[in-house]
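Colleague:
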Amino acid sequence: LVSWEAFAIMGAYKYMEELWKKKQSDVLRFLTRVRVWEYRQLPAIHRCSRPTRPDKARRLGYKAKQGFVIYRVRVRRGTRKRPVRKGIVNGKPGSSGAI
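Be aware that the sequence shown starts at 8, since it is given in my numbering, and climbs by one per residue.
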């Protein structure tokens, strides 16, 4: 007849994992937009109370107990900044990301 696997109900972590696989879904697009706005208001390095993706964090070894700390660090976009000697500007200011 019908196997029991067809009726298996997804747990919370599995459900979150499936949500993250569909990045174009309305739910995830809305969540991402709100989160990104929130992150922009925060300082570049700050301590988080909980991970953004608990399912992924647990797979990487995170446990919700004392001694586990999570920090979020903002990373600059684009290629690496080229170290230039003596303050010489090699390149136009438009490519520096300031304009």
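Cβ coordinates follow ideal geometry from the N, Cα and C atoms, glycine included.
Taking the DSSP output, what are the residues bridged to Tyr-78?
Modeller: Here the question's residue 78 lines up with position 71 in the sequence shown. DSSP output for Tyr-78 lists Arg-54 as bridge partner(s).
Colleague: Check this for me: beta carbons of Asp-62 and Met-23, under 8 Å apart or not?
Modeller: Translated into positions along the sequence shown, residue 62 becomes position 55. Translated into positions along the sequence shown, residue 23 becomes position 16. For Asp-62 and Met-23, yes; Cβs fall inside 8 Å.
Colleague: So, with DSSP's three-state summary, where would you put Lys-28?
Modeller: The count along the sequence shown starts at 1 and reaches residue 28 at position 21. Residue state, collapsed to three classes: helix.
Colleague: Going by the beta-carbon positions, is the gap between Tyr-78 and Cys-55 smaller than 8 Å?
Modeller: Within the sequence shown, the letter at position 71 stands for residue 78. Within the sequence shown, the letter at position 48 stands for residue 55. In contact: Tyr-78 and Cys-55 (Cβ atoms closer than 8 Å).
Colleague: Find out if the Cβ-Cβ distance for the pair Ser-27, Arg-66 is shorter than 8 Å.
Modeller: The residue given as residue 27 occupies position 20 in the sequence shown. The residue given as residue 66 occupies position 59 in the sequence shown. The sequence shown places Trp at residue 27, rather than the Ser named in the question. No.
Colleague: For His-53, I'd like the list of residues in its chain whose CB is within less than 8 Å of its CB, leaving aside the five on either flank, ordered along the chain.
Modeller: As a first step, residue 53 must be located in the sequence shown, where it is residue number 46. Closer than 8 Å at the Cβ level, and outside the excluded window around His-53, lie Tyr-78 and Arg-79.
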